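Residue numbers 87 to 139, in this note's numbering, belong to the letters of the sequence shown in order. Reading through the structure tokens given below for one structure.
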Amino acid sequence: MVGKPYAAQTLGVSERTVRRLIDSGDLPAFKVGAQWRLLESDLAAYVAAQRSA
Numbered sequence: 087m088v089g090k091p092y093a094a095q096t097l098g099v100s101e102r103t104v105r106r107l108i109d110s111g112d113l114p115a116f117k118v119g120a121q122w123r124l125l126e127s128d129l130a131a132y133v134a135a136q137r138s139a
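And the structure:
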């Protein structure tokens, strides 16, 4: 599991943009307590999909 800061760095976007992607359903994530978490496999799949798009 990774947090929004790691996801933002990986995608080269801001944490705010990561939150927008989560809210829109484009990037799967779930809350653990008050923090959003993403599976590394979901993040990798999103990156791969963006590269092929």
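Note that CB positions come from ideal geometry on N, CA and C, so glycine has one too. A quick note: this is a predicted structure, and the numbers were derived from the prediction, not measured.
Please classify residue i as buried or exposed, where buried requires at least 16 neighbouring CB atoms within 10 angstroms.
i      : result
Leu124 : buried
Lys117 : exposed
Ala115 : buried
Across which residues does DSSP place residue i in a beta bridge pair?
i     : result
Val88 : Leu124
Considering just the uninterrupted stretch of the alpha helix (DSSP H) at residue i, what are its terminal residues?
i      : result
Val140 : Because the chain spans 87 through 139 in this model, residue 140 falls outside it and cannot be assessed.
Leu107 : Glu101 to Ser110
Does any residue of chain B have a CB that is nearer than 8 Å to the CB of residue i?
i      : result
Glu101 : Included in the structure is just one protein chain, with no chain B present.
Going straight from the alpha carbon of residue i to that of residue j, what length do you get?
i      : j      : result
Ala93  : Glu101 : 8 Å
Val104 : Val133 : 12 Å
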